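J.: For the sequence shown, the working numbering begins at 2 and goes up steadily by one.
Note that the Cβ used here is the ideal one computed from N, Cα and C, for glycine as well.
This structure is a prediction, so every number in the text was calculated from the model and none was measured.
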Amino acid sequence: MKALGILPYARALITNYIEPDDIVIDATCGNGNDTLYLAQLLNNTGHIHAFDIQTQAINNAKEKTKGYHNISYHQTGHENVLDVLNQTVKLAIFNLGYLPKGDKSIVTIPKTTIQAIDNIFSILEVGGIIILVIYPGHPEGQVEKDAVLDYLKQIDQNKAHIFKYEFINQKNNPPFVVGIEKR
């Protein structure tokens, strides 16, 4: 097996967990890449809930996913997931940091990210997964990385398997993936 890059690894996890008719969350829909990938895998079955606080992100994701009718877009923070959903979900994906090609002053923050993880975990089905792609290459990303990892280390191992996939010899604080599989 060849080592996968960070984003291909996150997609391999998605592919490994997702099945037709699943309910899934793109917690940071950004430019719509993960939303589109989820839509392609589900092939208009199941449902995708795509969250972002920025109008530009929601519009980008909508444009990228034209033709798919199983997506609800929520222009609100991912910490508000329980205000929108009252059903179990199979998978959630986060790409933390800022919107690529967007306003880099608007970033995900530890408090709301941790609240979102906690809220989604409460509706995650057993055997489901939360995938975090963490980008510590900017100052706010470093703070968020530390807070999220500290939070995750406190989760009881009987409630979740938590793992980290990273390249340890890359410079400039490269991104990495954390998976939270509910037991």
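Going by the CB atoms, is the gap between Pro-176 and Val-134 shorter than 8 Å?
T.: Cβ distance < 8 Å, so Val-134 and Pro-176 count as in contact.
J.: Keeping to the same chain, check which residues put their C-beta closer than 7 Å to that of Asp-22; ignore five residues upstream and five downstream.
T.: The residues are Thr-46, Gly-47.
J.: Counting only runs that start and end within the segment 81-153, where is the alpha helix (DSSP H) found for 4 or more residues in a row?
T.: If we require 4 residues or more, the alpha helix (DSSP H) runs fully inside the segment 81-153 come out as 82-85, 111-124.
J.: Should Ile-19 and Ile-121 be called a contact, given that it needs their Cβ atoms to be closer than 8 Å?
T.: No; because the gap between Cβ atoms is not below 8 Å, this pair is not in contact.
J.: Would you grab the beta carbon distance between His-139 and Gly-98 for me? Rounded to a whole angstrom, and I think it's under 8 Å.
T.: Right, their Cβ atoms sit about 7 Å apart.
J.: Between the beta-carbon of Ile-72 and the beta-carbon of Thr-16, is there less than 8 Å?
T.: It is not a contact, given that the beta carbons lie outside the stated cut-off.
J.: From Gly-103 to Ala-62, what distance separates their C-alpha atoms?
T.: Those two C-alpha atoms are separated by around 13 Å.
J.: Looking at the secondary structure, which residues open and close the alpha helix (DSSP H) in which Tyr-18 lies?
T.: That run of the alpha helix (DSSP H) goes 7-18.
J.: Could you tell me whether the segment 110-117 touches the segment 71-85, using the rule of 3 or more Cβ pairs below 8 Å?
T.: The segment 110-117 is in contact with the segment 71-85.
J.: Can you give the beta carbon distance from Asn-32 to Lys-65, rounded, assuming they're within the 8 Å contact cut?
T.: About 7 Å separates the two Cβ atoms, so the contact holds.
J.: Roughly how many angstroms lie between the CA atoms of Lys-183 and Lys-165, to the nearest whole one?
T.: Cα to Cα, the separation comes out at about 15 Å.
J.: Using 8 Å for Cβ pairs, my map puts Thr-56 next to Thr-109. What's the rounded Cβ distance?
T.: Contact flag wrong, Cβ pair sits at about 17 Å.
J.: With distances taken between CB atoms, is the gap from Val-179 to Ile-163 smaller than 8 Å?
T.: Yes, Cβ-Cβ distance for Val-179 and Ile-163 is below 8 Å.
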